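Numbering (my numbering), first residue to last: 832 to 1188.
Everything below concerns the one structure shown next.
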Ligand code: SAH
Ligand code: SF4
């Protein structure tokens, strides 16, 4: 079946060109852009600022939604919401809203599944199905923006840490962020976005050249190649020395801080030995002006396909203390939404809880 183009796949110039081809005056593009990204309208009939004929034309020419929410789960403390969306091809993705005191942070997906095969990740365990389009990435954010707008709130941060490897779908991911960053539209500042990558080195290098304000996080998880390759197969292609060199170049060229993510697995990567090795690896990020790295540790979240256990809080504190003593800032991240499988690495489709039924 042929599908209509998806309106959120268009950037502003593409929308303007379409309207020009229809013989519309130039200001129509801005009107529609405002409707989509400021007023958060997602049905042609909501565009009451447009002539009826143009609304009809838009409805005939474009699809206004690819994501259908089919399940919404709220954590017991009600601070975390996870939504399962189906896509037009009957595949699906999950996205998460996390309420903090002041922030409203979204965790969004960039692929259906993931090809990277990290052993402790539910998304990796399902394999790779397909890339999301930029519009499908954008729509996740607009969906929650509408929910929040109903209670007078706004999306404050977006972390690209849901399903998929964003640097394995580089162009669509960056296009989505650009669209959400557009000053005439949604206008969420580039610094409010964080992209997390497993370490696709050529993409890190490309990202470095773009000199954007978007934050970068690297999923490190181990301080020696043997341990890292056993957890993250991509390490065989881009071992630690190659990855960290790309990270050092990023920091040198952008002067921006880089975050390193570390899921603490009991007796695997939560040992003092790993902490000392990591502290050693990260010494080059200590500059006279500032330390341009930060380590985020999180006790491993359980997933159906991995038998490793989470570390203890005591071990996590000890791990961070060793880093701090060696001049490397470290934060223990609170686990969020574990009761609804909304934590890091727990997103999948069908959701693992459904598969087990
Ligand atoms: N593909 C990207 C972003 C999505 S994964 C990446 O790997 O960075 C988001 C984060 O969750 C990554 O840091 C990933 O390593 C981590 N993660 C995966 N499975 C996890 C688990 N079971 N427990 C804790 N963190 C996990
Ligand atoms: Fe993919 Fe990230 Fe999961 Fe690894 S941790 S399988 S890269 S989503």
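Idealized CB from N, CA, C, for every residue including glycine.
All values reported here derive from a predicted model rather than from experimental measurement.
Assigned secondary structure, residue 1185 (DSSP; H/G/I helix, E/B strand, else coil): For residue 1185, the predicted structure reports a pLDDT of 48, less than 50, and the residue's modelled location is therefore unreliable. A value from the coordinates is still provided. In the three-state DSSP reduction, residue 1185 falls in the helix class (H, G or I).
Taking the straight line between their C-alpha atoms, what separation do you get for residue 841 and residue 966? Using only the alpha carbons, I get a separation of about 7 Å.
Where does residue 1164 fall in DSSP's three states? Of the three classes helix, strand and coil, the one that applies to residue 1164 here is coil, per DSSP.
Less than 8 Å between the CB atoms is what I'm expecting for residue 1162 and residue 1127, so what's the real figure, rounded? Between residue 1162 and residue 1127 the beta-carbon gap is near 5 Å, inside 8 Å, which marks them as a contact.
Contact under 8 Å by Cβ, residue 1094 with residue 1150: Their beta carbons are not under 8 Å apart, which means residue 1094 does not touch residue 1150 by this criterion.
Taking 7 Å as the cut-off, is the C-beta of residue 1113 nearer than that to any heavy atom in the ligand NAP? Among the ligands present in this structure, namely the ligand SAH and the ligand SF4, the ligand NAP is not found.
Tell me which same chain residues have a C-beta within less than 6 Å of the C-beta of residue 1187, skipping the five on either side of it? Model confidence at residue 1187 stands at a pLDDT of 39, short of 50, so the residue's coordinates are unreliable and nothing is read from them.
6 Å Cβ shell around residue 1170 - same chain, five flanking residues per side excluded: Same-chain partners within the cutoff: 906 and 907.
Please classify residue 1078: does DSSP put it in a helix, a strand, or coil? Helix at residue 1078.
Look up residue 1026 in the DSSP assignment and give the residues it is bridged to. Beta-bridge analysis with DSSP links residue 1026 to 991 and 1047.
Please tell me whether residue 1020 and residue 938 are closer than 8 Å, where the distance is taken between their beta carbons. No, the pair does not count as a contact, with Cβ atoms beyond the cut-off.
Alpha-carbon to alpha-carbon, residue 1002 and residue 924: Cα to Cα, residue 924 sits roughly 19 Å from residue 1002.
For residue 1099 and residue 1141, what's the separation of their Cα atoms in angstroms? Here the C-alpha atom of residue 1099 lies approximately 10 Å from the C-alpha atom of residue 1141.
Would a C-beta distance cut-off of 8 Å place residue 1173 and residue 954 closer than the cut-off? Contact flag unset, no.
Tell me, please, which residues DSSP counts as bridged to residue 942. Partner(s): 962.
Sorted by chain position, which residues of the same chain lie with C-beta nearer than 6 Å to residue 1023's C-beta, five sequence neighbours on each side aside? Excluding residues up to 5 positions away in sequence, 988 lie with their Cβ nearer than 6 Å to the Cβ of residue 1023 in the same chain.
Less than 6 Å between C-beta atoms, sequence neighbours within five positions excluded: which residues of the same chain meet that for residue 1136? Within the same chain, residue 1136 has close Cβ partners 956.
Heavy atom of the ligand SF4 less than 7 Å from the Cβ of residue 996, yes or no? Yes, Cβ of residue 996 sits closer than 7 Å to a heavy atom of the ligand SF4.
Please classify residue 1155 as buried or exposed, where buried requires at least 16 other C-beta atoms within 10 Å of its C-beta. Residue 1155 should be labelled exposed.
Comparing C-alpha positions only, which one of 834, 1164 and 865 sits nearest to residue 1017? With distances taken between Cα atoms, residue 1017 lies closest to 865.
Is it true that the stretch 1038-1058 meets the stretch 874-883, where meeting means three or more beta-carbon pairs spaced less than 8 Å apart? Verdict: no, contact absent.
Looking at the structure shown, is residue 1132 part of a helix, part of a strand, or coil, going by DSSP? Reduced to three states, the DSSP call for residue 1132 is coil.
Determine, using beta carbons only, whether residue 942 and residue 961 come nearer to each other than 8 Å. Yes. Within cutoff.
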